[in-house]
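*Asks:* There's a structure below that I have some questions on.
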Amino acid sequence: MGSISFMENEKYIWLKDTVKKFVEAEIPREYARSIDGKDQYPHELIKKVGNLGLLGINVSPEYGGMGGNVVDVMILYEEVSKRLPVLAWTLGNVTLYGNEIISVNGSEEQKNTYLPRLVKGELLFSFALTEPDAGSDAANIKTSAVYKEGCYLINGNKMFISGGGVSDVTVTMARTEKSRYGGITSFLVDCKSEGYKATSIKKLGYNGSDTCEVFYDDVPVMPRDILGGEESLNKGWMQMMNTLNGERLALSACALGIGQAVIDDIISFASKNYDFNNFANQNLQHRIVEMATELESARQLAYNAAWMETNHKECTKETSMSKYYATETAKKIAMGGMDLMGEYGALEETDMQRYLRDVLILTIGGGTTQIQKNIVAKTMGL
Amino acid sequence: MTFELSSEQIIIKETIRDFVLKECPRDMARELEEKEEIPEKLWTQISDLGFFGLTIPEEYGGEGESCLAGLVTTEELAVMAPPFALAYSASAFSGGAVISRLGDQQQKEAYLEKLARGELVFTAALNEEEKGFNMAGIKTTASLEGSELVLNGTKRLVSLAGHADYCLVLANSAGSSEDEGSLTMVIVDTGSAGIQTDKLSKIGMKSLGVCDTNFNDVRVPVKNILGGSEKLNCGTGQIKHFLDIQNLSYAACQLGIARGAYEYAKSHAKERVQFGSPIVKFSAVQEMLVNVAMEIEACRLLVYRAGALADSGEPFSREAGIAVSYALRIAKKAASQGLQICGGYGYALEYDAQRYLRDAYAVPANGQTTETINERIAMLVGL
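Below, the structure is given as structure tokens:
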């Protein structure tokens, strides 16, 4: 078993500090609120993250990246989520759906084509699996890719695709055979292709994520644009499995950041309004202590799972536990923060209500809490 | 234990339920939220049906002064349109029930008949502090000048901004803010000179409207002191009774929100097919829904019992406090679980699961938090 004392490492400390300073300098609270209010994709901020070299955080140096691993990604996401959760989410359009998918599953040619440009902030990727009738039951996708005269034609529609409108490439999971898991292929779809259309979906939180419904009407894709190259036909499901641990951990980090933001804001609200030398406010103290304790245990769970992942140990169970526990804990903390602030927390001018609105997708997206529990149950022989 | 609904109250419940289904389905509730308005047509319709008179005695044009009937109505309205339920309950409870119980003869004559006809909108301005309502911290002053009270101060988060005709204001009438015993409740015409409002925005209950209200030398005749001019400095007892009544109505509203969220999630779970089965057949989903159903049932008993006690003339502070504390908690839980069950669709603004959640978090509760309500319950249960 690892211990998260591995975090006491110069590289991680430097990274945390760098991101923290970046957030303080570049994302004042007012600015964060305006991105939420305008539902505006944070292109500018992503560019600025790129200026720090951090878009290549998890890309090998041979393609111009920093050569970091999932722990680095988590540190970046956690720190950014403390101020502007949707920035972490949209960084996923580079680091997860671009860097990670291509690094893990891409062909050599695809790595050379995409990774250097992703690192430079020249490309955005999105990932299209979910469909209107295939959510938790993801293998039930109906979007089809049919080979015809030298290329595949994709037809169907995808739901809740983050960055579906702003992306250059949408990694699209489509059915190429009937076989439930063995008939799915992952295609690198150029979003400028004819027949590709994305319409944005208004939602409760994570405003600015450009979450879309995406429609494919005879969208042509060349065989060489199958993720991993032509020989990866029908291997889409397996490829996806290879990136799930990383995704669960990244989402855990988003939850940790939001949970911490709630606690920090509640501490300043409570210190301003209550006298803690008075036993009358003991209950309030204890409520906040419970939040902090539960978040700390979620953090230990998450970074321990990350240590296992970076040390190439089997950790499907641990990353699934982490995704379930960190996101549910952050949700509970945000709901508790709202309770403690009463009606004031519901004012749009406070950040508390935004934390709540944002956190609520984390127990749904990237595999719901219920799905994570199903996965953990299997690993336990249940 | 006398909290069974009477046959008359059952008819009221069925009438309002049918009315809501027909006149205010979810589509319309969504539309009302977008327009941020209280629909005049609905207001008129429920006035014509006599619902505003439920909490008012017959001699003033009401239906017989039943809090329980008003709570049943609030609950049913909140199942589909929570802000409309709160607007209704502000008039039925902060207006009708409060004036019936605490008003003097002249005030009853002046307001109750109009309230019973739905012609007046009442609200209350109590809260001043960021941390929530605190009776000991009332800084808005009311100074006696001849036959007038002069109000100065700022009240925060006043609901029904732009709609209310009258506002019940809690003010410190001691002449110095150190004397906490000297509070006065006064009925203020919202059109009075010196009132300035600053509109705010909450994540939910959008059609209700909320603002901070500044009183700058607002002159009110002493006859507008709740209960008449001799009730100057009698606000401490009145405000407790007032909060008890409001707690009833907030509890009923949260009960309705919990039901609305639950019913919405239940119907989604029946329709949504994953892994070849409606998700309602998955036992983990059932467990979530069953827990919420149990809590709704328990909450309804608490709310109705508190209402029945209020109607019987017994003390009901403790029961109203417990009902509202429980209702605040379960509505938020029902709404967040409903959202989880609806998944991505729960998170999309096009659908209703998230609206119940936003509304549940925006119920004003007079600036009380579950913590402050529980502190009061602690006192009432002898801690």
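Those sequence lines, one after another, are chains A and B. Residue 1175 is where the first sequence starts when you use this note's numbering, and the numbers rise one by one after that. Residue 9 is where the second sequence starts when you use this note's numbering, and the numbers rise one by one after that. Don't be surprised by glycine CBs; every beta carbon is placed ideally from N, CA and C.
What does DSSP give as the partner residue(s) for A:Ser1300 in the beta ladder?
*Replies:* DSSP lists A:Thr1344 as partners of A:Ser1300.
*Asks:* I'd like the span of the beta strand (DSSP E) that includes B:Ile46, first residue to last.
*Replies:* Unbroken run through B:Ile46: none, as it is neither H nor E.
*Asks:* Just confirm the distance between the C-beta atoms of B:Gln246 and B:Gly236, as a whole number of angstroms; I'd bet it's less than 8 Å.
*Replies:* Not confirmed; about 12 Å, so no contact.
*Asks:* Based on DSSP bridge pairs, tell me the residues matched to A:Leu1288.
*Replies:* Position check: residue 1288 of chain A holds Tyr in this sequence, whereas Leu was assumed. Looking at the DSSP assignment, A:Tyr1288 forms no beta bridge with any residue, so it has no partner.
*Asks:* From the DSSP output, which residues share a beta bridge with A:Arg1349?
*Replies:* Looking at the DSSP assignment, A:Arg1349 forms a beta bridge with A:Ser1318, A:Ile1358.
*Asks:* In the DSSP assignment, find the unbroken beta strand (DSSP E) run with B:Asn222 in it and report its ends.
*Replies:* Counting along the chain, the beta strand (DSSP E) containing B:Asn222 begins and ends at 218 to 229.
*Asks:* State the start and end residues of the unbroken beta strand (DSSP E) segment that holds B:Val371.
*Replies:* From DSSP, B:Val371 is part of no beta strand (DSSP E); its letter is neither H nor E.
*Asks:* Measure from the alpha carbon of A:Leu1534 to the alpha carbon of each residue in B:Ser325, B:Ala361, B:Pro372, B:Val158, then state which is nearest.
*Replies:* Of the listed residues, the one whose Cα sits closest to A:Leu1534 is B:Ala361.
*Asks:* Grouping DSSP H, G and I as helix and E and B as strand, with all else coil, what is A:Asn1232?
*Replies:* In the structure shown, A:Asn1232 sits in coil (DSSP, three-state: anything other than H, G, I, E or B).
*Asks:* Spatial neighbours of B:Gly61 within its chain, please: C-beta separation below 7 Å, excluding the five flanking residues on both sides.
*Replies:* The residues are Gly69, Gly70, Glu71, Ala124.
*Asks:* Jot down the residue ranges of each uninterrupted alpha helix (DSSP H) in the segment 310 to 336 of chain B, minimum 4 residues, whole runs only, in chain order.
*Replies:* Taking only runs of at least 4 residues, no alpha helix (DSSP H) segment lies wholly in the segment 310 to 336 of chain B.
*Asks:* Along the chain, where does the alpha helix (DSSP H) that runs through B:Cys75 open and close?
*Replies:* Residues 75 to 88.
*Asks:* Relative to chain B, which residues along the segment 1421 to 1442 of chain A have a C-beta separation below 9 Å, given in chain order?
*Replies:* Going along the segment 1421 to 1442 of chain A in chain order, one finds no residue with a Cβ nearer than 9 Å to chain B.
*Asks:* With 16 as the cutoff for other CB atoms within 10 Å, does A:Tyr1188 come out buried or exposed?
*Replies:* Checking the sequence, you will find Trp at residue 1188 of chain A rather than Tyr. So A:Trp1188 ends up on the exposed side.
*Asks:* Using a Cβ-Cβ distance cut-off of 7 Å, determine whether A:Thr1192 contacts chain B.
*Replies:* No, A:Thr1192 does not count as interfacial toward chain B.
*Asks:* How would you label B:Val28, buried or exposed, when you count the other beta carbons within 10 angstroms and need 16 or more for buried?
*Replies:* Buried.
*Asks:* When you compare only the Cα positions, how much space is there between A:Ile1538 and A:Ala1302?
*Replies:* Going by the C-alpha atoms only, they are around 16 Å apart.
*Asks:* Identify the continuous beta strand (DSSP E) that holds A:Glu1502 and give its terminal residues.
*Replies:* Where A:Glu1502 is concerned, there is no enclosing beta strand (DSSP E), although the alpha helix (DSSP H) it sits in stretches over 1490 to 1515.
*Asks:* Just to confirm, are A:Leu1378 and B:Lys210 a CB contact at a threshold of 7 Å?
*Replies:* The answer is no: Cβ separation not under 7 Å.
*Asks:* Using CA atoms only, rank isn't needed, just tell me which of A:Glu1502, A:Glu1184, A:Leu1514, A:Met1181 is closest to A:Gln1544.
*Replies:* If we check each option's Cα against that of A:Gln1544, A:Glu1502 comes out closest.
*Asks:* Determine, for A:Phe1334, whether the minimum Cβ-Cβ distance to residues of chain B falls below 7 Å.
*Replies:* Yes, A:Phe1334 counts as interfacial toward chain B.
*Asks:* If you follow the beta strand (DSSP E) that B:Ala132 is part of, which residue opens it and which one closes it?
*Replies:* Segment 130 to 133, the beta strand (DSSP E) holding B:Ala132.
*Asks:* Using DSSP with H/G/I as helix, E/B as strand and the rest coil, what is A:Lys1194?
*Replies:* Helix, per DSSP.
*Asks:* For A:Gln1527, decide whether its Cβ has a neighbour in chain B, counting only Cβ atoms nearer than 7 Å.
*Replies:* Yes, because at least one Cβ of chain B sits closer than 7 Å to the Cβ of A:Gln1527.
*Asks:* Just verifying my parser: in three-state terms, what is the DSSP assignment at A:Ser1179?
*Replies:* Reduced to three states, the DSSP call for A:Ser1179 is helix.
*Asks:* Can you give the Cα-Cα distance for B:Leu216 and B:Ser167, rounded to whole angstroms?
*Replies:* Cα-Cα distance, rounded: 7 Å.
*Asks:* Which chain A residues sit within Cβ distance under 9 Å of B:Glu131?
*Replies:* Per the sequence presented here, residue 131 of chain B reads as Thr, with Glu not at that position. Simply none; closest approach about 14 Å.
*Asks:* Kindly list the residues whose CB is nearer than 7 Å to the CB of B:Ser184, restricted to its own chain and excluding five residues on each side of it in sequence; keep chain order.
*Replies:* Caution is warranted here: a pLDDT of 49 is assigned to B:Ser184, below 50, making its placement in the model unreliable, and no coordinate value can be reported.
*Asks:* Determine, using beta carbons only, whether B:Ser185 comes closer than 7 Å to chain A.
*Replies:* Only weak support exists for where B:Ser185 lies, its pLDDT of 46 falling under 50; the value from the coordinates is given anyway. By this cut-off, B:Ser185 is not an interface position.
*Asks:* Report yes or no: is there a C-beta of chain A within less than 7 Å of the C-beta of B:Thr6?
*Replies:* Residue 6 of chain B lies beyond the range of chain B shown here (9 to 391); nothing can be said about it.
*Asks:* To the nearest angstrom, report how far apart A:Met1175 and A:Asn1485 are at their CA atoms.
*Replies:* Legend: pLDDT at A:Met1175 = 43, less than 50; position of this residue unreliable, value from coordinates given subsequently. Those two C-alpha atoms are separated by around 10 Å.
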